[in-house]
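Below is one structure, written out as structure tokens, with a few remarks after it.
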Amino acid sequence: MDILWTGVFALLLIGYFALEGSGIGVGMLLPALGGTQPDRDRVVAAMAPFVLANEVWLVAVAGVLFGVFPSIEGEVLSGLYPLVVTLLVSWILRDAGLWFRRRLDGHAWRAGWDWMICLGSYGLALSWGMALVAMAGGLSGSPIGLPGLGGGLVVAAAFAFHGWTFLSWRLPGQVTGASRAGGALLASAGVAALPVAVLLAALAPWLLEHIAPSGTLNVLSVMILPFAPLMLGAQVWVWRTFGPRRAADRVPSFF
Amino acid sequence: MDVLDLARTQFAVTGSLHFLFVVLTLGLAPLVAIMHTRHAMTGKPAHERMTRFWGQIYVINYALGIVTGLVMEFQFGMSWSGLSHYAGDVFGAPLAIETLGAFFLESTFLGLWIFGWHRLPRWLHLACIWLVTLTAYASAFWIMVANSFLQNPAGAVERGDHLVLTDFGALVTNPMLTMALPHVLGAGLWTGGFVVMGASAYHLFRRTADRESFTGSLRLGVVAAFAGSLVTVGFGYAQFGPVSLFQPDKFNGTPLAGIGLGFMILIGQLLQVLIMFVLLPTVYWLPRWRWAHPILMLITPLPFLAAIFGWLAREVGRQPWLVHGRLTVADAMSPGLTKGMITLSFVGFVGVLGLLAVVDYLLIVRTVRRGPAAVTLGADGPADSTERAHALSL
Ligand code: HEM
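Quick mapping for you: the protein sequence lines, in order, are chains F and X.
Number 53 in this note's numbering belongs to position 41 of the first sequence; there are no gaps in the numbering.
Number 1066 in this note's numbering belongs to position 194 of the second sequence; there are no gaps in the numbering.
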């Protein structure tokens, strides 16, 4: 049971980086790839149907952290306090940009929220990189520093690469000028998830030491595992429904 | 204000903001699902327009529900790590089940519903909004399980320096839950019904297009509010039983809790009398009584207000305990939390979320005012000429 739930936690966190890394990367590249408003609209529309299904992996990570590793949750979140604040504020601004950008007409409104999407995406990538470095250092000392910044840049570069590959897969030969197949997207997802996967491998013994008692884990297993097929099925459904072959639609995007 | 006050205020403000949006989500989801079902069954364009119109209001409201909820979830570990140390083995379970078994599915299916217009097969698309509704209610259930545990720590015993879960059945049948959950869900339906009623009244008053549709939705709103009010008031009074048993001095201890309770009941009783004896009996004629429409618009915000008063009563009345009788709020605060840290997050969360909440409500008002013709959710033609050019080149 201990191994299973540590695995679930790792899967969710790796899944978040592999999936949402592309959305964050696309957000970072938004001004670079979208010189004009219609270009930016196409870039955002390409990622839009995946955003909700992707970002929810991190919500699940936080939930499992609380339920399965309660003694770690407080330590990590208060140890990384300033980074958790920048991460959440960036996330909020990014999401607000997506939800709000088309709700009013007017050029300035949409362009302004597009900048918010870009800013929030950079904030997310940098905060993540710094948080990973601080975790690797055992949460000793200030979570903000030069090594952290280096980590932030690495994660940002990995996300940008993943976002670029995603766009070349979803809109082949269009905004990026390149075409990528599903295999390349899988590979870039691996690149985006690599830093966190390495960290999780190193931290696994520590995680196992702090896992909740078996009474709690049994309850979680009974209540959650029956839903696992539905959760995975819904995710697969999203990727099948909105993949590149179905992308040629005439419907204006909601985001 | 010291660190503790700031941390408490931050939690109270973000929590209240969160609930303002969640209460409408809970109430609108089933109403949108009902409208979508009618559309799927009849295929009538008028029903489709209504589904998309109310759906867009639902979705704009949902955006703030998510972002405020994120902050809530992370705040436990940031400011209140004492809670996870002392009670995490128990309190964490319903939260984990909520995120994985409910919210994860809700968000995924909502994405499919929003972007699946004209893409998913009709019945699968309809299934998405019903699944969104179902998982939203499941979410409410698990969050209320967690909250009720704080009110009355059932199903757990103290071992050493922390609580362990011994009886899951007792956790989910907590007497502080069984009456409160229907009360909250009823409040949601009431709120959703009032928003549908008020927005319909606006269009009927302004004599805009879609007269027939708004006549129908005004009636739907009144009926939903009536059903919600019966459940809310019935289970509201029923809550006094468990409260007097587990927290006998709840509403005498702190004035704020008593004030919250008083105003909630005042608003609730007045509105219930109005709904039961005036709005419901005249619901057939109400859409035609133009003089009544401004009144309907004016009372639309009242259930929101009552809901905030209700939470004030329940949560302020719990003070000074975080886990009633076991762990105080002061003891639960994260040990290393400094004034600088909490000030940073206070400005970030309360400031940003407060601004976005205002923007979100303005966008909802604007969506209501512009009416069904301007809705972008599920629109099946390109919105403007530049988009048309690009859509054709895709
Ligand atoms: C009219 C009669 C009403 C009565 C007798 C009533 C009673 C109560 C009581 C006793 C509580 C506190 C429970 C506790 O401290 O544990 C409560 C809480 C609450 N009330 Fe009401 N209430 C009424 C109307 C309303 C209305 C109209 C709304 C909103 C539309 C509302 C929303 C809430 C909420 C959100 C809570 C907090 C959660 C809960 O304890 O259920 N109430 N109510």
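We put the beta carbon where it would ideally sit given N, CA and C, even for glycine.
Note that this is a predicted model, so its numbers are computed, not measured.
Which residue wins for smallest C-alpha separation from residue i, given the options the options?
| i | options | result |
| --- | --- | --- |
| F/F88 | F/S180, F/R252, F/L219 | Checking the displayed sequence, the identity of residue 88 of chain F turns out to be Val instead of Phe. The residue with the shortest Cα to Cα distance from F/V88 is F/L219. |
| X/E1084 | X/M922, X/M873, X/Q882 | X/M922 |
| F/A143 | F/T98, F/L179, F/T177, F/I236 | F/T98 |
| X/L1249 | X/K916, X/F1218, X/L984, X/I1171 | X/L984 |
| X/W926 | X/A1071, X/V1188, X/G1223, X/L1142 | X/A1071 |
| F/L100 | X/M944, X/R1091, X/T881, X/T971 | X/M944 |
| X/F891 | X/I932, X/T940, X/T881, X/A918 | X/T940 |
| F/R106 | F/A72, F/G47, F/L42 | F/L42 |
| X/A1026 | X/M1016, X/G1032, X/L1043, X/V1036 | X/L1043 |
| X/A1185 | X/V1240, X/D961, X/P1127 | X/P1127 |
| X/Q1141 | X/W1062, X/E978, X/L1076, X/V1155 | X/W1062 |
| X/A999 | X/W1163, X/H908, X/R1031 | X/H908 |
| X/L896 | X/V885, X/T881, X/A935, X/D877 | X/A935 |
| F/M147 | F/A58, F/A22, F/L215 | F/L215 |
| F/V231 | X/G937, X/K1211, X/G964, X/A959 | X/G964 |
| X/F1021 | X/L1199, X/P1159, X/I1236, X/L898 | X/L1199 |
| X/P966 | X/A1246, X/H1075, X/A1010, X/V1155 | X/A1010 |
| X/S888 | X/W1157, X/V1222, X/R1190, X/F948 | X/V1222 |
| X/R1079 | X/P1207, X/R1241, X/A912, X/I938 | X/R1241 |
| F/F65 | F/G157, F/G245, F/S265 | Strictly speaking, residue 65 of chain F in this sequence is Ala, with Phe absent from that position. Considering only alpha carbons, the answer is F/G245. |
| X/A1110 | X/L1227, X/A1052, X/G1065 | X/A1052 |
So residue i contacts chain F; which residues on that side make the cut at Cβ distance below 8 Å?
| i | result |
| --- | --- |
| X/D961 | P82, A224, P225, G227, T228 |
| X/L896 | The contacting residues do not exist; X/L896 stays about 15 Å from chain F at best. |
| X/G983 | P61, F62, V63, L64, A65, V250 |
| X/H957 | P82, S83, G86 |
| X/S1101 | The premise fails here: X/S1101 is roughly 31 Å from chain F at the closest Cβ pair, so nothing lies under 8 Å. |
| X/I932 | W111, R115 |
Please check if any C-beta of chain X sits within less than 7 Å of the C-beta of residue i.
| i | result |
| --- | --- |
| F/W140 | no |
| F/D14 | no |
| F/S233 | no |
| F/V56 | no |
| F/F78 | yes |
| F/M243 | yes |
| F/F239 | yes |
| F/G264 | The question names Gly, yet the displayed sequence has Pro at residue 264 of chain F. Yes, F/P264 lies at the interface with chain X (some Cβ there is under 7 Å from its Cβ). |
| F/G19 | no |
Quick one: does residue i have its CB under 7 Å from some CB of chain F?
| i | result |
| --- | --- |
| X/F987 | yes |
| X/A912 | no |
| X/T1258 | Confidence is the limiting factor: at X/T1258 the pLDDT is only 41, short of 50, which leaves the residue's position unreliable and the question unanswerable from this model. |
| X/T886 | no |
| X/M907 | no |
| X/R880 | no |
| X/S953 | yes |
| X/H1262 | Because X/H1262 sits at a pLDDT of 43, beneath the cut-off of 50, its placement in the model cannot be relied upon, and the following sentence gives the value as read from the coordinates. With 7 Å as the cut-off, X/H1262 counts as an interface residue toward chain F. |
| X/A968 | yes |
Which residue marks the beginning of the beta strand (DSSP E) containing residue i, and which one marks its end?
| i | result |
| --- | --- |
| X/V1036 | 1034 to 1037 |
| F/L237 | First-last for F/L237: undefined, no H or E at that position. |
| X/R924 | From DSSP, X/R924 is part of no beta strand (DSSP E) but of the alpha helix (DSSP H) over 917 to 951. |
| X/V1195 | 1193 to 1195 |
| X/E1030 | 1028 to 1031 |
Against residue i, what residues of chain F qualify as contacts under a CB-to-CB distance less than 7 Å, listed in chain order?
| i | result |
| --- | --- |
| X/H919 | Residues of chain F passing the Cβ test: none, with the nearest at roughly 19 Å. |
Please compile the residues from chain X whose C-beta is within a distance smaller than 8 Å of the C-beta of residue i.
| i | result |
| --- | --- |
| F/A143 | Within 8 Å Cβ-Cβ: nothing; F/A143 doesn't reach chain X, min ~12 Å. |
| F/I104 | V939, L942, V943, V1224, L1225, L1228 |
With respect to the alpha helix (DSSP H) encompassing residue i, which residues constitute its N-terminal and C-terminal limits?
| i | result |
| --- | --- |
| F/E221 | 194 to 221 |
| X/R1091 | 1083 to 1110 |
| X/I1171 | 1165 to 1171 |
| F/T177 | 158 to 182 |
| F/A148 | 119 to 148 |
Given that residue i touches chain F, what residues does it touch there, using C-beta distances under 9 Å?
| i | result |
| --- | --- |
| X/A1042 | The contacting residues do not exist; X/A1042 stays about 12 Å from chain F at best. |
Output, in chain order, the set of chain X residues within a Cβ distance shorter than 9 Å of residue i.
| i | result |
| --- | --- |
| F/W11 | In this structure chain F extends from 13 to 267, so residue 11 of chain F is not present and cannot be described. |
Is the segment 89 to 98 of chain F touching the segment 894 to 912 of chain X in the sense that three or more CB pairs, one from each, lie closer than 8 Å? no
Decide if the segment 954 to 965 of chain X is in contact with the segment 1209 to 1216 of chain X; the criterion is three or more beta carbon pairs, one per stretch, under 8 Å apart. no
Three-pair Cβ contact test at 8 Å for the segment 1076 to 1093 of chain X versus the segment 1130 to 1146 of chain X: no
Measuring CB atoms only, is the segment 156 to 172 of chain F touching the segment 23 to 40 of chain F, in the sense that at least three cross pairs come out at less than 8 Å? yes
Tell me whether the segment 1142 to 1157 of chain X and the segment 1094 to 1110 of chain X touch, counting them as touching only if at least three CB pairs, one residue from each stretch, are closer than 8 Å. yes
Any 3 or more C-beta pairs closer than 8 Å across the segment 18 to 32 of chain F and the segment 193 to 213 of chain F: yes
Determine, using beta-carbon pairs with one atom in the segment 1040 to 1059 of chain X and one in the segment 875 to 882 of chain X, whether at least three such pairs fall under 8 Å. no
Flag this pair as touching only if the segment 1048 to 1061 of chain X and the segment 1008 to 1024 of chain X have three or more C-beta atom pairs under 8 Å; answer yes or no. yes
Segment contact flag, the segment 1185 to 1194 of chain X with the segment 1113 to 1125 of chain X, C-beta cutoff 8 Å, min 3 pairs: yes
Would you call the segment 234 to 254 of chain F in contact with the segment 980 to 996 of chain X, where contact means no fewer than 3 C-beta pairs closer than 8 Å? yes
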